[in-house]
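There are 2 protein chains.
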Amino acid sequence: MSAQQKHFEQHLSYALAAAHRTVSNSLSERLKKHGMKIEAWRVMECLDAGDRLTMGQLAEQALVNPSTLSKLVDRMVLDGLVHRKVAEGDHRQVNLLLTSLGRARMIRIRQEVDEQDQTLTSLLDADSLRQLRDVLSKLC
Amino acid sequence: MSAQQKHFEQHLSYALAAAHRTVSNSLSERLKKHGMKIEAWRVMECLDAGDRLTMGQLAEQALVNPSTLSKLVDRMVLDGLVHRKVAEGDHRQVNLLLTSLGRARMIRIRQEVDEQDQTLTSLLDADSLRQLRDVLSKLC
DNA sequence: TGAAATTACTTTCCAAGTCAAATAAATTGA
DNA sequence: TCAATTTATTTGACTTGGAAAGTAATTTCA
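Here you go:
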């Protein structure tokens, strides 16, 4: 154990960062054609999946900080992709809703993302893939 | 196949982003005590591992864009952690070198990072861990 | 009830990142 | 040889991100 000199590239955090970087670079390259950022796409998918999400829930699910989300949403509202609505029960909360333009954009982009996901998963056999998902989820 | 409605959280890119986010958040929390950013730490480890790295090689290994690296290095030079040296053979290239202060800081930080890596890897059994590394490296 | 504490979100201010252009050195080939 | 091209890095204009403060609504409990 004391003899084991660990190279920093072997740290899990490095391996993760490297894989994340290549994958998200290639994805954002694809999304660029649609003038869309990965985070904005994730926001839209979250909205499509779960109804009446608050900014807080959204930030968590879309993997962005609340204040970052707030500004991202400002831009998305300007682009007509989403709109804010004060929540019925609790007026502190804001529900974000997809516009029909937003939904349409999302559907088109979803194809692009599915393509990239298939390219990616084709690098692995079904077994590794399942295991990878399992293991990654344990880290969260 | 057509019946399979895939939730976006199942995309590999999402699982990776989520895991990367939690891991790097917890790591940067630890590094904060040392007034250090993950990227700066990676730069120092790269320098320690491979000698006479150029900015280009460094950017690749430390997982940052060249222009981002250039500015990060400006700050690290101000902090006395590294210094630039025009490469001997090719005067366009710049070799970045650790100062002794930089090396000392790196060693102390390395302990912190090793700790976090152990916490992390203890969540997994040895087999999953090996497989995880294998699979992640296939994605790069 | 209502003042104090908590919660949800946004804004502000500053640090850091990105893209494209600029600089400068090396290489190519007419 | 030397003008044109390529390569390595930095710079500059602009955008984005994050921490902490600010705002406003809700909850707590004396």
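Chains as they are written, first to last, in UniProt numbering: chain U, 1 to 140; chain H, 1 to 140.
Note that the Cβ used here is the ideal one computed from N, Cα and C, for glycine as well.
DSSP places V77 of chain U within a helical segment (H, G or I) once states are collapsed to three.
Within the UniProt domain "HTH marR-type" (9 to 140) of chain U, the complete beta strand (DSSP E) segments of 3 residues or longer fall at 82 to 86, 94 to 98, listed in chain order. When the five nearest sequence neighbours on each side are left out, the beta carbons in the same chain lying within less than 8 Å of the beta carbon of L53 of chain H are those of C46, L47, Q61, N95, L96, in order along the chain.
For S128 of chain U, the chain H residues whose Cβ falls inside 9 Å of its Cβ are Q131, D134, V135, K138, in order along the chain. As the crow flies, the alpha-carbon of I107 of chain U is around 16 Å from that of G50 of chain U.
Going by C-alpha positions, D114 of chain U is about 40 Å away from Q93 of chain H. Listed along chain H, no residue sits closer than 8 Å to S100 of chain U by beta-carbon distance, the nearest being about 19 Å off. Counting only the Cα atoms, S128 of chain H lies some 15 Å from D125 of chain U. Take R105 of chain U, set aside five residues on each side of it, and the residues of its chain with a beta-carbon closer than 8 Å to its own are H34, M36, M44, L81, in chain order. Between K32 of chain H and A59 of chain U, the alpha-carbon positions lie close to 23 Å from each other.
Using a CB distance below 9 Å, the part of the region 7 to 20 of chain U facing chain H consists of H7, F8, E9, Q10, H11, L12, S13, Y14, A15, L16, A17, A18, A19, H20, ordered along the chain.
The distance from the Cβ of L16 of chain H to that of V23 of chain U is about 6 Å, consistent with a contact at the 8 Å cut-off. E88 of chain H is positioned such that its CB atom lies no closer than 9 Å to that of R30 of chain H. Annotation for V86 of chain U: Q93, V94, N95 place their beta carbon closer than 8 Å to its own, counting only its chain and skipping 5 residues before and after. Residues of chain U with a Cβ closer than 7 Å to the Cβ of L124 of chain H are, in chain order, V135, K138. Looking at the backbone, the Cα of L27 of chain U and that of S13 of chain H are separated by about 8 Å. Burial check for L78 of chain H: the Cβ neighbour count within 10 Å stays below 16, so the residue is exposed. Here the alpha carbon of L98 of chain U sits roughly 12 Å from the alpha carbon of A40 of chain U. By the CB criterion at 9 Å, L63 of chain H and R84 of chain U fall outside the cutoff. Take the alpha-carbon of L120 of chain H and the one of Q131 of chain H: they are about 15 Å apart. Under a 10 Å Cβ-count criterion, R42 of chain H is classified as buried, with 16 or more other Cβ atoms of the shown protein chains found around its own Cβ. Within chain H, the residues H7, F8, E9 have their CB atoms less than 9 Å from the CB of A49 of chain U, given in chain order.
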